[in-house]
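Right, one structure below, let's go through it.
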């Protein structure tokens with residue numbers, strides 16, 4: 047008997063999978079899905095091998111005298127319930143800090159933490175998403191809401207721009223759609239500071255200076271206006287703040303902006319002309335260009351060139367980034383009672399210096415690898431009396447825990463998810479019993495809620511799963527139907543966002559930006575480099591293979607530095623720390639840039655804390671480093 051579902055990884059693709067469990071589990075791509083295209087990625091295949099690894103954390107563990115020892119669930123729950131009761135008696139619920147992320151894309155398991163703590167009291171929550179907050183905020187300001195075009199519409203574009211995105215690593219099922227588009231005549235650009243693997247699948251690659259995407263977008267906008275190529279009807283009838291935006295552009299010439307982004311004026315003019323006359327033109331944004339303090343302004347400037355050229359609301363046009371994966375679901379159940387005090391997830395070390403929590407509670411989140419300024423954060427965390435981590439693998443965060451609660455993993459628990467790339471919603475099936483004494487997150491919180499006296503109010507998993515479908519039920523989509531099919535295209539995503547010319551802003555119009563946050567002046571001194579930390583092809587963020595053996599990460603550097611840095615190993619240093627790396631010379635990297643994959647151990651020890659304009663987005667790519675041999 048086969049079971050249909052989707053992958054659990056926090057990845058754009060949300061691949062549809064058919065499972066057959068006979069003598070052993072066989073997983074194959076669901077050929078009826080329009081995005082899977084007949085293959086699954088290496089990360090998925092590796093996970094299936096690792097699920098039963100002896101190196102998994104499958105029993106509750108407590109740290110004593112620096113060593114982890116196995117304890118019972120009763121002991122773990124008693125310890126936690128007593129501590130939480132004590133804080134509640136003292137009126138110090140806010141001294142609990144919760145950090146939850148998308149290590150598993152399942153919605154109900156992830157949000158069960160919020161439901162539990164909302165019923166418990168007014169705790170402190172790490173706010174924001176380290177991946178895409180700045181970009182999403184920009185789209186909400188400009189469009190009123192985040193909606194992607196269905197990915198297959200790239201084949202209906204005459205021009206497509208892949209901007210700050212490397213689907214060859216992060217979104218591999220987009221690559222066949224890009225190839226199909228080119229076969230049909232779409233001219234595809236790639237704009238990126240690094241000549242990534244995706245450059246092999248486009249017509250023209252444009253290398254922009256790190257952090258200067260905003261100047262390139264402004265230059266394209268200026269070229270459109272100076273040549274009179276703008277869509278005057280759209281601007282006059284469907285937009286606001288255009289004159290303010292024009293005044294911003296008057297601060298520079300195209301030549302000024304060309305120098306600032308290190309892209310020649312001919313390429314700027316070519317892009318402006320193509321997207322203005324060869325419609326529809328689509329823009330597909332990745333995470334990279336918004337990992338700066340000016341990330342919101344960058345995305346808004348890019349949105350503006352789509353508006354100026356008259357490509358919004360067109361099939362095969364528009365600007366697509368990362369719509370919210372929970373859009374189709376009712377998640378009001380996650381906040382039944384108390385709201386939380388919020389602190390930015392991207393600036394946790396500073397927040398803890400101001401007010402040290404008594405309990406740090408982490409779920410689905412390798413905090414001490416994935417946020418900024420992790421070296422200082424790890425040092426501060428040593429002073430936190432109780433660090434609780436729900437996880438199933440050893441990583442930087444579980445190693446620093448005082449108490450580890452082992453969670454069931456994918457295929458050991460039931461859940462649902464959305465996609466932040468396509469309109470797919472999917473079912474995460476349970477096929478196996480959890481390994482050892484691991485429990486689904488919902489069950490962990492249910493047991494703890496019972497110990498604290500609000501188990502009935504916490505509710506039943508089955509009821510919450512049904513409630514989550516309340517927005518979809520009027521369209522005929524139910525939980526039982528999703529279980530049967532494994533995945534469904536949600537009708538709550540528009541086929542063509544803003545096709546009627548009406549945006550979801552207060553006045554129903556597209557909003558040009560009125561004010562601009564410019565990049566920090568980052569002139570490199572002798573021997574300094576910009577550090578870019580893109581996603582890895584081999585792992586999802588910091589979810590390294592469970593049998594991973596620690597080695598210094600590979601650091602890509604331009605070959606012009608071969609004589610100056612002849613050693614195969616060295617250190618990269620920032621104002622915050624240093625890590626050992628293996629140097630590899632690669633001509634795809636700019637001479638002023640170093641590239642180390644995100645998720646490597648210690649990489650964010652180098653990154654200072656910073657926030658994008660929305661007050662939540664991270665600024666990973668503003669890290670300046672140098673190289674040392676020791």
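Numbering (my numbering), first residue to last: 47 to 676.
We treat Cβ as the ideally placed atom computed from N, Cα and C, and that holds for glycine.
Keep in mind the model is a prediction, meaning the values are calculated, not measured.
Between residue 360 and residue 323, the alpha-carbon positions lie close to 14 angstroms from each other. Leaving aside the five residues that flank residue 248 on each side, the residues in its chain whose CB is nearer than 6 angstroms to its CB run, in chain order, 234, 236. By the C-beta density criterion, residue 47 is exposed, having fewer than 16 other C-beta atoms within 10 angstroms. In the structure shown, the three-state DSSP call for residue 307 is helix. In this structure, DSSP gives residue 367 a state outside helix and strand, which the three-state scheme calls coil. Collapsing the DSSP output to three states places residue 88 in a helix. For residue 419, the closest of 605, 656, 470 by C-alpha to C-alpha distance is 656. Inter-residue distance for residue 119 and residue 489 is about 12 angstroms (C-alpha atoms, whole angstroms). In this structure, DSSP gives residue 69 a state outside helix and strand, which the three-state scheme calls coil.
Counting of Cβ neighbours within 10 angstroms places residue 464 among the buried residues, the total reaching 16 or more. Of all alpha-carbon atoms in 214, 111, 462, the one lying nearest the alpha-carbon of residue 373 is that of 462.
Counting only runs that start and end inside the region 358–439, the beta strand (DSSP E) elements of at least 3 residues fall at 387–390, 405–409, 432–437.
Contact between the region 167–180 and the region 196–208 is absent: fewer than three C-beta pairs spanning the two stretches fall below 8 angstroms.
The beta carbon of residue 500 sits closer than 6 angstroms to the beta carbons of 165 from its chain, once the five residues preceding and following it are set aside; these are given in chain order. In the three-state DSSP reduction, residue 472 falls in the strand class (E or B). In this structure, residue 183 places its C-beta atom within 8 angstroms of the C-beta atom of residue 342. At the C-beta level, residue 592 and residue 641 stay beyond 8 angstroms of one another. Distances from the CA of residue 581 to each of 148, 213, 70 were compared; the closest alpha carbon is that of 213.
Here the alpha carbon of residue 62 sits roughly 23 angstroms from the alpha carbon of residue 516.
Burial is judged here by how many other beta carbons sit within 10 angstroms of a residue's own beta carbon; residue 98 has fewer than 16 and is exposed. If you look at residue 233, you'll find it in the beta strand (DSSP E) that goes 233–238.
Cβ-Cβ separation between residue 130 and residue 498: approximately 6 angstroms, consistent with a contact (criterion under 8 angstroms). Residue 628 holds the alpha-carbon nearest to the alpha-carbon of residue 614 among 628, 623, 394, 193.
Three or more Cβ pairs closer than 8 angstroms define a contact, and the region 404–424 falls short of that threshold against the region 380–387. DSSP places residue 158 within a helical segment (H, G or I) once states are collapsed to three. Residue 485 is positioned such that its CB atom lies closer than 8 angstroms to that of residue 453. Remark: C-beta atoms of residue 494 and residue 126 approach each other more closely than 8 angstroms.
Contact check between the region 342–358 and the region 254–273: three or more CB pairs, one atom from each, fall below 8 angstroms, which counts as touching. Counting of Cβ neighbours within 10 angstroms places residue 606 among the exposed residues, the total staying below 16. Straight-line measurement puts the Cα of residue 637 at about 15 angstroms from the Cα of residue 618. Between residue 140 and residue 468, the alpha-carbon positions lie close to 37 angstroms from each other. Under the three-state reduction of DSSP, residue 75 is assigned to strand. Residue pairing by DSSP puts residue 575 in a beta bridge opposite 671. From the listed residues 436, 218, 299, 537, the smallest Cα separation to residue 150 is found for 436.
For the set 296, 546, 535, 481, the Cα lying nearest the Cα of residue 101 is the one of 481. For residue 659, the secondary structure class from DSSP, reduced to helix, strand or coil, is coil.
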